[in-house]
Amino acid sequence: NSGIRDSVVNQLLAKMDGVEQLDNVLVIGLTNRAELIDAALLRPGRLEVQVEVPRPDAQGR
């Protein structure tokens, strides 16, 4: 339901606003569906650094 998703995103954004001013706080988000992340979450001061961790190959497992 998009209404529920929008509500969750808005609540998360509200919690994340102001986190930059806190000392020793690091927010990490994980997903296997990066294309579904709301663009508002990726703006500067929010989840702006993205690191892709690819699936390991057979040798890496």
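Under UniProt numbering, the residues of the sequence shown are numbered 1 to 61, in order.
Glycine residues also receive a C-beta, built at the ideal position from the N, C-alpha and C atoms.
Spanning the alpha carbons of Ile4 and Arg43 requires a straight line of approximately 21 Å. Collapsing the DSSP output to three states places Ala39 in a helix.
Contact annotation: the segment 20–27 does not touch the segment 48–59, with fewer than three C-beta pairs closer than 8 Å.
Looking only at Gly60, Gly29, Gln59, the smallest Cα-Cα distance to Glu48 is reached by Gly29.
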